[in-house]
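Engineer: Below you will find the structure I want to go over with you.
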Amino acid sequence: MQTQSYFYEENNWNAPFDESLDSENTLIICFGSTRFEDIKDGFENLISTYKKSKIIGCSTAGEIYDDLVYESSLSVVIMKFEKSIIKICSEKCINSENSFEVGEKICNNLFNEELKSIFVLSDGLNINGSQLTKGFNKVSKNTIITGGLAGDGADFKKTWVLVDNKPVSNYITAVGLYGDNIHTAYANGGGWKKFGIDRMVTEAKNNILYKLDYEPALQVYKKYLGDKSENLPASGLLYPLMIKEEGYKESKVRTILGINKQEQSITFAGDIPNGSEVMFMKATFDELAQGAKEAGDKLQRFDYKNKNATCIVVSCIGRKLIMGQKIEEELEAIKDILDNKINLIGYYSYGEISPLNDGTCDLHNQTVTLTLFWET
């Protein structure tokens, strides 16, 4: 595999393109500004140069290039596979109610016996990430599935995903990677700690939470946030919920996508099952950076050393809001662990998709996830 990364900002690319990487078996992944007009010229340069290549991408809450974080830019990685096959599938998500159906359909379209992994980029707002991943798992529980939800800074108004080289809302795009020579490593880390009392979900439907301990959910959240509640839903990212769901060994973190003042309800990126135990979470700069380091350490169980590889970081906007000017510390912690030959790019998201410890694909929030691709 040949790989190269590029960065576009203020009408300039950081380096000339290597046109020899263009091929039918080249995958280009782009992470860019929600305001597509900021990067339109650069993107047109890209697609006019790499006419044969397959391109996917999404909007972000911050672009990652190497160990730096940018906004209003375009971060790109190009991977030309020598022995592996790639295939792209896109489906429209009418609303969050059909997320399971869309996940199942995409995985069915991509699945065959040679499929080794799937990397998925989804609309960040009009989606139930839990149901999307459950749809994937229904088709194939043995395929490594990673990726994330698109972002829109801290505005929560509109996100885009590339479909046929055009930025559109309400779509999910996934790429399947096939063959015995492609390898995918994955890891995730958090750093959050619980505070306050454990509470019970007493009324919820899918990813909408109505009541905690029989009290209106939004009212309970506002008690914890105090003055910060005026900036909901963005301020809710500072205090996510951890869920202990019956039938699952691992707890999951869920982050807010929106609120309904009339219903006093909160919409999350993934399911909040009735009867589950939840607790509020918080974290410090050092704890979040340590969570990123733990993710990097987990990659050491995979044999990727001395390979030309690409590492895609998908980290949550909540981490970015808390760490502020120190956000690059989590990227530095990851880069210090990886080989120098590895291209590091990624983005800040509204939700991260990565396997649990048992290998089952699931939605994560407030987490940093790593996906590493290489060929042998």
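As numbered in our numbering, the sequence shown has no gaps in its residue numbers, which increase by one up to the final residue, 451. For glycine and all other residues, C-beta sits at the position ideal for the given N, C-alpha and C. Nothing here was measured: the structure is a model prediction, and the numbers come from that model.
1. Find out if the Cβ-Cβ distance for the pair L224, G199 is shorter than 7 Å.
2. Buried or exposed for M275, going by 16 or more other Cβ atoms inside 10 Å?
3. What three-state label does DSSP hand K216 in the structure shown?
4. By the 10 Å Cβ neighbour count, where 16 or more other Cβ atoms means buried, how is S95 classified, buried or exposed?
5. Could you tell me the distance, in whole angstroms, from the CA atom of Y379 to the CA atom of K336?
6. Could you tell me the distance, in whole angstroms, from the CA atom of L190 to the CA atom of D239?
7. On the three-state DSSP scale, how would you describe S148?
8. If you reduce the DSSP assignment to three classes, tell me which class Y425 lands in.
9. Could you tell me if S123 is buried or exposed, where buried requires 16 or more neighbouring beta carbons within 10 angstroms of its beta carbon?
10. Let me confirm a value: T135 is counted as buried when at least 16 other C-beta atoms fall within 10 Å, else exposed. Which label applies?
11. Pull up the CB-CB distance for T512 and I163, whole angstroms please, since I reckon it's below 8 Å.
12. Under 7 Å, do C105 and L196 count as touching if we go by C-beta distance?
13. The alpha helix (DSSP H) that contains S134, what's its start and end?
14. Taking all protein chains shown into account, decide if K155 is buried (16 or more other Cβ within 10 angstroms of its Cβ) or exposed.
15. Taking all protein chains shown into account, do 16 or more other C-beta atoms lie within 10 angstroms of the C-beta of Y289, making it buried, or fewer, making it exposed?
16. State buried or exposed for F452, treating a residue as buried only when at least 16 other CB atoms are found within 10 Å of its CB.
17. Quick one: what does DSSP say Q206 is sitting in, helix, strand or coil?
18. Tell me the DSSP secondary structure of K373 in three-state form.
19. Could you spell out the range, first to last residue, of the alpha helix (DSSP H) harbouring G251?
20. According to the neighbour-count rule (16 or more other Cβ atoms, all chains shown, within 10 Å of its Cβ), is T359 buried or exposed?
21. For T78 versus D227, is the C-beta spacing smaller than 7 Å?
22. Which partner residues does P57 have in the DSSP bridge list?
23. List the DSSP bridge partners of N335.
24. Classify R329: buried if its beta carbon has 16 or more other beta carbons within 10 angstroms, exposed otherwise.
25. Which ranges does the alpha helix (DSSP H) cover as unbroken runs of at least 4 residues, wholly within the segment 353-418, from first to last along the chain?
26. Let's test the definition: count the other Cβ atoms within 10 Å of the Cβ of K410 and tell me whether it reaches 16, buried, or not, exposed.
27. Report the CB separation of L497 from I114 in whole angstroms; it is logged as a contact under 8 Å.
28. Report the CB separation of N43 from N282 in whole angstroms; it is logged as a contact under 8 Å.
29. Nearest-angstrom Cα distance between S424 and G266?
Structural biologist: The answer reads as follows:
1. Numbered from its first residue, the sequence shown carries residue 224 at position 149. Numbered from its first residue, the sequence shown carries residue 199 at position 124. Yes, Cβ-Cβ distance for L224 and G199 is below 7 Å.
2. Here residue 275 corresponds to residue number 200 of the sequence shown, with the count starting at 1. Exposed is the call here.
3. Locating residue 216 in the sequence shown gives position 141, where the first residue counts as 1. The answer is coil: DSSP assigns K216 none of H, G, I, E or B.
4. Against the sequence shown, residue 95 aligns to sequence position 20. Under this definition S95 is an exposed residue.
5. Counted from its first residue, the sequence shown places residue 379 at position 304. Counted from its first residue, the sequence shown places residue 336 at position 261. Rounded to the nearest angstrom, the two C-alpha atoms are 49 Å apart.
6. Sequence index remark: in the sequence shown, residue 190 carries index 115 (1-based). Sequence index remark: in the sequence shown, residue 239 carries index 164 (1-based). Each residue's alpha carbon lies about 22 Å from the other.
7. Here residue 148 refers to the residue found at position 73 of the sequence shown. Of the three classes helix, strand and coil, the one that applies to S148 here is coil, per DSSP.
8. Taking the first residue of the sequence shown as 1, we reach residue 425 at position 350. Coil at Y425, not helix or strand.
9. Taking the sequence shown and counting its residues from 1, one reaches residue 123 at position 48. Exposed, by the Cβ-count rule.
10. For the purposes of this step, residue 135 is taken as the residue at position 60 of the sequence shown. Buried.
11. In the structure as shown, the chain begins at 76 and stops at 451. Residue 512 is therefore absent and cannot be evaluated.
12. By one-based count along the sequence shown, residue 105 stands at place 30. By one-based count along the sequence shown, residue 196 stands at place 121. No. Outside cutoff.
13. What you label residue 134 is simply residue 59 of the sequence shown in a count that begins at 1. S134 -> not in any alpha helix (DSSP H); beta strand (DSSP E) instead, spanning K129 to S134.
14. In the sequence shown, residue 155 corresponds to position 80, counting from 1. Buried.
15. Locating residue 289 in the sequence shown gives position 214, where the first residue counts as 1. Y289 is exposed by the Cβ-count criterion.
16. Examination of residue 452 is not possible in this model, given that the chain is present from 76 through 451 alone.
17. Indexing the sequence shown from 1 puts residue 206 at position 131. Helix at Q206.
18. Taking the sequence shown and counting its residues from 1, one reaches residue 373 at position 298. K373: helix per DSSP, three-state reduction.
19. If you number the sequence shown from 1, residue 251 lands on position 176. From DSSP, G251 is part of no alpha helix (DSSP H) but of the beta strand (DSSP E) over Y246 to Y253.
20. Translated into positions along the sequence shown, residue 359 becomes position 284. That one is exposed.
21. As a first step, residue 78 is located in the sequence shown; it is residue number 3 there, counting from the start. As a first step, residue 227 is located in the sequence shown; it is residue number 152 there, counting from the start. No. Outside cutoff.
22. Limits of the chain in this structure are 76 at one end and 451 at the other, which puts residue 57 out of reach.
23. Translated into the one-based positions of the sequence shown, residue 335 becomes position 260. DSSP, once it has assigned bridges, lists S340 as partnering N335.
24. The sequence position of residue 329 within the sequence shown is 254, counting from 1. Classification of R329: buried, given that the 10 Å Cβ count is 16 or more.
25. 360-373, 392-398 and 403-410
26. Position 335 of the sequence shown holds residue 410. Buried is the call here.
27. Given that the chain is displayed from residue 76 to residue 451, the structure contains no residue 497 and the question cannot be resolved.
28. Because the chain is modelled from 76 through 451, residue 43 falls outside the range shown and cannot be assessed.
29. For the purposes of this step, residue 424 is taken as the residue at position 349 of the sequence shown. For the purposes of this step, residue 266 is taken as the residue at position 191 of the sequence shown. Approximately 17 Å, taken between the alpha carbons.
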